[in-house]
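Notes for the one structure printed next.
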Amino acid sequence: MSKDSSHTFKVSRRTILKGSAAVAGAALAPGALSLGQAQAQDRANTMVVAAPATPQSLDSEYDVSLGTFEAVACLYDGLVAFEKKPDAGVPTASREDITDYPDKPGGVNLVGKLAESWEVDPNGTSVKFHMRKGVKSNWGNELTAEDVVWTWHRKLALGAIGGFYCNTIDLTRPEQVKAEGSHTVSFNLDNPNPLLLKLQPNLYNPIYDSTKLKEVATDEDPWGRSFLENNSAGFGPYELASLVRGQQAVYKGRADYYGGKPAMENVIFKEVPTSANRAQLLQGGAVDIAQYLQPLEIIALRNAPNVAVETIQATFMIWIELNAKMEPFDSIDVRRAMNFAFPQEQIVKTVFQDLASPLTACMPDLYPGYNDDYWEYGKQDLDLARELIKGAGHGDGFTTSLSYNAGDPVQEPMAILYQSALREIGVNLELNKIPAATFYNNVSERKQPMIFYVDSPWCPDPGYSMNLYFHSKSFINYSNYENARVDELIDGAAKTNDQAARLEMMDEVQKHVMREAPWVFGISPGYTMARSKDLMGWTYYTSNNMRFQDFYRAS
Amino acid sequence: MTHISDDDADARATNPDASDPDAHVGRRPSTIGGRAQVFLQGFRFLLAVLRARPMFAVGYGIVVSVIVMAIFAPLIAPYPPETANPTDFLQPPSWRHLLGTDATGMDIFSRIIYAPRIDLTIAIAGTAISAVVGSLIGATVGYYQEVGGAPSFFSGVVMRSADVLQAFPVFVFAIALVAIFGQSLQSIIAAIAFLNIPIYLRLMRSQVMSIRRMRFVEASYVAGTPDRFIILRHVIPNSMAPVLAQLSVNIGWSVLLTAGLSFVGAGVVAPTPEWGSMIAMGFQNIITGQWWPSVFPGIALAVTVFGFALVGASVEVLADPARRRALSGNMRQHRAKES
Numbered sequence: 381m382s383k384d385s386s387h388t389f390k391v392s393r394r395t396i397l398k399g400s401a402a403v404a405g406a407a408l409a410p411g412a413l414s415l416g417q418a419q420a421q422d423r424a425n426t427m428v429v430a431a432p433a434t435p436q437s438l439d440s441e442y443d444v445s446l447g448t449f450e451a452v453a454c455l456y457d458g459l460v461a462f463e464k465k466p467d468a469g470v471p472t473a474s475r476e477d478i479t480d481y482p483d484k485p486g487g488v489n490l491v492g493k494l495a496e497s498w499e500v501d502p503n504g505t506s507v508k509f510h511m512r513k514g515v516k517s518n519w520g521n522e523l524t525a526e527d528v529v530w531t532w533h534r535k536l537a538l539g540a541i542g543g544f545y546c547n548t549i550d551l552t553r554p555e556q557v558k559a560e561g562s563h564t565v566s567f568n569l570d571n572p573n574p575l576l577l578k579l580q581p582n583l584y585n586p587i588y589d590s591t592k593l594k595e596v597a598t599d600e601d602p603w604g605r606s607f608l609e610n611n612s613a614g615f616g617p618y619e620l621a622s623l624v625r626g627q628q629a630v631y632k633g634r635a636d637y638y639g640g641k642p643a644m645e646n647v648i649f650k651e652v653p654t655s656a657n658r659a660q661l662l663q664g665g666a667v668d669i670a671q672y673l674q675p676l677e678i679i680a681l682r683n684a685p686n687v688a689v690e691t692i693q694a695t696f697m698i699w700i701e702l703n704a705k706m707e708p709f710d711s712i713d714v715r716r717a718m719n720f721a722f723p724q725e726q727i728v729k730t731v732f733q734d735l736a737s738p739l740t741a742c743m744p745d746l747y748p749g750y751n752d753d754y755w756e757y758g759k760q761d762l763d764l765a766r767e768l769i770k771g772a773g774h775g776d777g778f779t780t781s782l783s784y785n786a787g788d789p790v791q792e793p794m795a796i797l798y799q800s801a802l803r804e805i806g807v808n809l810e811l812n813k814i815p816a817a818t819f820y821n822n823v824s825e826r827k828q829p830m831i832f833y834v835d836s837p838w839c840p841d842p843g844y845s846m847n848l849y850f851h852s853k854s855f856i857n858y859s860n861y862e863n864a865r866v867d868e869l870i871d872g873a874a875k876t877n878d879q880a881a882r883l884e885m886m887d888e889v890q891k892h893v894m895r896e897a898p899w900v901f902g903i904s905p906g907y908t909m910a911r912s913k914d915l916m917g918w919t920y921y922t923s924n925n926m927r928f929q930d931f932y933r934a935s
Numbered sequence: 003m004t005h006i007s008d009d010d011a012d013a014r015a016t017n018p019d020a021s022d023p024d025a026h027v028g029r030r031p032s033t034i035g036g037r038a039q040v041f042l043q044g045f046r047f048l049l050a051v052l053r054a055r056p057m058f059a060v061g062y063g064i065v066v067s068v069i070v071m072a073i074f075a076p077l078i079a080p081y082p083p084e085t086a087n088p089t090d091f092l093q094p095p096s097w098r099h100l101l102g103t104d105a106t107g108m109d110i111f112s113r114i115i116y117a118p119r120i121d122l123t124i125a126i127a128g129t130a131i132s133a134v135v136g137s138l139i140g141a142t143v144g145y146y147q148e149v150g151g152a153p154s155f156f157s158g159v160v161m162r163s164a165d166v167l168q169a170f171p172v173f174v175f176a177i178a179l180v181a182i183f184g185q186s187l188q189s190i191i192a193a194i195a196f197l198n199i200p201i202y203l204r205l206m207r208s209q210v211m212s213i214r215r216m217r218f219v220e221a222s223y224v225a226g227t228p229d230r231f232i233i234l235r236h237v238i239p240n241s242m243a244p245v246l247a248q249l250s251v252n253i254g255w256s257v258l259l260t261a262g263l264s265f266v267g268a269g270v271v272a273p274t275p276e277w278g279s280m281i282a283m284g285f286q287n288i289i290t291g292q293w294w295p296s297v298f299p300g301i302a303l304a305v306t307v308f309g310f311a312l313v314g315a316s317v318e319v320l321a322d323p324a325r326r327r328a329l330s331g332n333m334r335q336h337r338a339k340e341s
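Order-wise, the sequence lines are chains A and B. Note that the first sequence covers residues 381 to 935 in the working numbering. Note that the second sequence covers residues 3 to 341 in the working numbering.
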């Protein structure tokens with residue numbers, strides 16, 4: 381049997397096994413779907429999504445779990461969004477236009493959402509937004525400048541995810557965001573900041589309905605945190621009809637949405653934890669979209685009738701943090717050796733079935749400023765790796781451990797392939813499987829010598845990306861990487877609006893980082909949309925989530 | 003099989019096997035020739051039993067094969083069990099890879115051959131520890147259960163603790179133990195031992211409570227023999243039959259538990275060849291048509307557990323004098339019919 385034929389659905393024995401798996405999957409999935417559920421609804425305006433998880437919270441300040449991304453994207457709107465453009469590789473898809481536009485305000489190509497227009501100060505210290513009038517929240521409250529002010533004050537006060545964004549644009553005091561009238565708001569910084577406008581389209585910078593949240597606030601909870609655990613208060617195209625965690629969330633399109641009622645009036649967001657079950661449900665027509673499928677499932681679904689599967693260039697990055705403050709990874713040569721030994725091409729081919737590309741820089745390849753000239757680890761070179769290890773004083777090799785996430789099916793095979801490669805240069809790699817629930821604690825503790833990490837910077841800017849992962853003071857510099865020159869360049873790039881100078885500085889940062897290799901540069905997986913063939917309109921966002929309001933059913 | 007002290011006339015008098023023509027296999031002969039003869043007789047008896055109950059033979063065959071496979075794995079396996087080969091990933095069964103390869107190109111046949119080294123080590127070690135510890139506690143508790151005072155109270159406390167322990171769902175409890183002590187071979191063995199201790203404790207206690215009332219024990223006590231000596235020399239050896247019968251069943255169950263723990267990610271660490279871990283690594287591929295990475299280890303696991311269950315069943319029959327007599331009668335009738 382050829383490898384290709386092994387991916388088809390033709391052999392009767394497989395059919396039996398598949399059928400059993402489907403029945404078992406449907407039976408085991410919480411809130412199991414009857415296969416006719418999607419059909420039973422009005423298909424024209426109802427969409428069923430099989431997702432790995434339902435939202436844990438509806439508060440963008442605290443929750444970054446998978447189901448919450450989609451919830452935030454449909455329940456809330458931001459001030460502006462990136463203009464869309466057709467994707468060059470996937471004709472049926474659109475994507476955000478994140479190219480630099482020096483002639484446009486802030487250098488970015490934006491369209492208004494809650495803001496109708498905006499003015500950027502030429503020196504880059506302030507921006508003024510003129511709000512759309514007559515916009516109503518899901519509680520019927522009209523959007524005003526006060527909603528924007530309150531939302532940003534909340535970020536400053538709570539200091540969680542929003543606090544990070546405030547730091548990024550150097551917004552430190554509440555009075556820096558102020559209402560200039562009922563429908564005009566301004567952001568005023570002490571120093572020029574190139575991200576002041578560029579950060580506004582970020583998924584996690586939505587505007588809250590402050591009228592409602594003030595109503596529900598208490599002395600102990602002045603910012604409505606408890607309320608937002610289970611309710612939304614925003615100006616997005618959907619409202620939450622019901623949420624049963626672990627089973628499903630149901631979203632209902634809002635007829636009074638300023639952009640018009642979404643074509644998919646009802647969205648049923650089902651939790652189906654196992655990707656094989658999600659794939660099976662899509663294949664059987666029980667759902668319209670199956671999220672986060674494994675590469676082999678994606679390949680298999682390509683042959684399924686009534687299913688469209690498209691993989692698009694994305695911002696996902698998978699890498700291994702090498703703890704630069706732990707032996708032997710305090711040595712640059714050892715870190716470089718670990719990169720030369722990494723079987724990147726083989727992993728792309730076997731684990732990802734060519735649905736990914738090698739990670740050839742320390743930022744996504746579709747962002748402005750990306751430069752792969754400093755990429756020297758493309759060809760696995762075990763001899764050079766052995767020499768580097770010997771030169772670093774580890775002639776006989778060493779033993780170390782690689783921690784990986786039990787909840788991510790691609791990490792274990794990646795780790796096994798890497799382990800086999802390292803064995804050849806005398807490095808004994810012990811594998812440490814960590815339950816998904818505690819994995820990110822292990823990452824943030826920075827106590828593991830090597831640990832997988834999957835992330836994507838949600839702002840298409842090289843300065844933002846470099847600051848996230850390589851500034852010595854960044855919270856998510858999980859490899860403990862420290863280089864004074866890199867810090868200086870990142871700080872410098874954060875204080876100028878001269879984009880050409882910034883790109884030059886970030887180029888130098890990439891040069892240092894690639895040379896000093898605080899990561900094992902891994903894989904850049906594509907984003908896959910597996911959907912019913914008649915479901916059209918999908919857009920790829922740099923935050924790697926979908927937005928229900930984009931979809932419509934082909935007649 | 004019952005062990006009786008030769009020095010104890012009472013023991014002979016109370017030996018339930020005394021009238022059993024096949025019971026000689028349990029007595030200790032005094033000369034080397036006599037021992038050889040007893041061994042031969044025992045072996046012939048075993049062969050006769052296996053002829054009469056062929057499923058027992060299947061069980062012994064499976065268990066012996068699995069043990070031989072584990073011991074000689076490096077000679078039998080055609081590929082190293084933990085070396086990935088990305089150029090050969092997910093190959094279906096073929097002459098080059100008899101049972102195919104998994105998602106990282108490791109040879110499934112080789113890994114199945116190596117897996118009993120881990121599975122059986124864990125199962126046998128865990129079961130042995132639980133049998134020794136459980137039996138000793140059970141014997142002590144049973145011996146002192148009815149003497150009154152502090153020893154009886156202590157026995158009651160031990161039994162109620164065992165009740166509490168057994169009230170927890172076994173698998174969930176095992177996961178919790180491994181989570182507490184860390185994911186290692188030792189932790190899994192400890193978890194299995196801990197979970198099995200109450201089983202042996204109960205078995206031994208009930209046996210000891212009846213043995214303790216026998217005259218040879220009372221005689222020993224009257225002669226001034228210390229309790230410790232009575233328990234170790236007279237009581238435990240005569241109470242071992244149900245424990246021995248339980249051992250094989252428990253080993254099979256422990257193999258299953260080990261595989262279960264590995265399947266949910268709480269067992270051995272990948273890429274250690276272990277059946278449960280192999281099933282976990284391969285089960286997601288079933289839906290895309292690559293059934294072999296999980297189905298073959300599943301079959302190996304099922305067959306092994308079945309083998310130990312059959313051996314357990316045979317020991318249960320052979321260790322029970324009444325059932326052994328019944329079996330002997332059946333065998334004689336069978337031979338008579340044949341002749």
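The beta-carbon is built from N, C-alpha and C at its ideal position, and this holds for glycine as well.
From Y820/A to M57/B, what distance separates their C-alpha atoms? 51 Å
C-alpha distance - K592/A paired with N425/A, whole-angstrom precision: Spanning the two alpha carbons is a distance of roughly 29 Å.
Could you say which of D841/A, T730/A, E756/A, N719/A lies nearest to V807/A if we only look at CA atoms? N719/A
Go ahead and label F298/B buried or exposed: buried means 16 or more other beta carbons lie within 10 angstroms of its beta carbon, across all protein chains shown. buried
Return the first residue and the last residue of the alpha helix (DSSP H) that W530/A is part of. 525-538
Would you grab the beta carbon distance between P789/A and Q674/A for me? Rounded to a whole angstrom, and I think it's under 8 Å. 6 Å
Okay, do the stretch 81-89 of chain B and the stretch 722-737 of chain A touch, 3+ Cβ pairs below 8 Å being the bar? yes
Report yes if the C-beta distance between M885/A and G872/A is below 7 Å; otherwise report no. Yes. Within cutoff.
Test item: CB-CB of D121/B and V257/B under 7 Å: yes
Using a Cβ-Cβ distance cut-off of 7 Å, determine whether V270/B contacts chain A. no
Residue range of the alpha helix (DSSP H) that G284/B falls in? 277-284
Chain A contacts from the stretch 40-63 of chain B (Cβ-Cβ distance under 9 Å): Within the stretch 40-63 of chain B, no residue has a Cβ that lies closer than 9 Å to any Cβ of chain A.
For E463/A, the three-state DSSP class (helix, strand or coil): coil
Mind checking which residues open and close the alpha helix (DSSP H) that includes Q724/A? 724-730 is the extent of the alpha helix (DSSP H) around Q724/A.
Can you tell me which of K759/A, I814/A, S912/A, G771/A puts its alpha carbon nearest to the alpha carbon of N784/A? What sits at residue 784/A in the sequence shown is Tyr, not Asn. Checked all of K759/A, I814/A, S912/A, G771/A; the closest Cα to Y784/A is I814/A.
Please compile the residues from chain A whose C-beta is within a distance smaller than 8 Å of the C-beta of G2/B. The structure shown does not extend to residue 2/B, since chain B is modelled only from 3 through 341, so no value can be given for it.
From G787/A to D878/A, what distance separates their C-alpha atoms? 43 Å
DSSP beta-bridge partners of T375/B: Because chain B is modelled from 3 through 341, residue 375/B falls outside the range shown and cannot be assessed.
Where do the ends of the alpha helix (DSSP H) carrying V245/B lie? 243-265
Sorted by chain position, which residues of the same chain lie with C-beta nearer than 6 Å to A117/B's C-beta, five sequence neighbours on each side aside? P275, E276, W277
Less than 8 Å between C-beta atoms, sequence neighbours within five positions excluded: which residues of the same chain meet that for S7/B? Because the pLDDT of S7/B is 38, which lies under 50, any placement of that residue in the model is unreliable, and the number read from its coordinates should be weighed accordingly. So the list reads A13, F218, R235, H236, P239, once near-sequence residues are dropped.
Which residues does DSSP list as the beta-bridge partners of V557/A? F567/A
Identify whether Q799/A lies in helix, strand or coil by the three-state DSSP scheme. Looking at Q799/A - three-state DSSP - the assignment turns out to be helix.
Where does the unbroken alpha helix (DSSP H) through G151/B begin, and where does it stop? Note, G151/B: alpha helix (DSSP H), 151-169.
C-beta neighbour in chain B for Q627/A, strict 7 Å: no
Using a Cβ cut-off of 8 Å, pull out every chain B residue sitting near E792/A, in sequence order please. A272, M283
Please tell me whether Q188/B has its Cβ less than 7 Å away from any Cβ of chain A. no
To the nearest angstrom, how far is the alpha carbon of L259/B from that of I194/B? 8 Å
Three-state secondary structure (DSSP) of G447/A: helix
Does N683/A pass the burial test, meaning 16 or more other C-beta atoms within 10 Å, or should it be called exposed? exposed
Please identify the residue among D763/A, V528/A, N611/A whose C-alpha is closest to the C-alpha of L438/A. N611/A
Going along the stretch 102-115 of chain B in order, which residues come within less than 9 Å of chain A, judged by CB to CB distance? Residues passing the 9 Å Cβ filter: D104, A105, T106, G107, M108.
Considering only DSSP beta bridges, list what A621/A is partnered with. A621/A is not bridged to any residue.
S137/B beta carbon less than 7 Å from that of Y146/B: no
Helix or strand or just coil, what does DSSP make of V429/A? strand
Between the Cα of P748/A and those of M794/A, C546/A, G843/A, D763/A, spot the shortest distance and give me the residue it belongs to. G843/A
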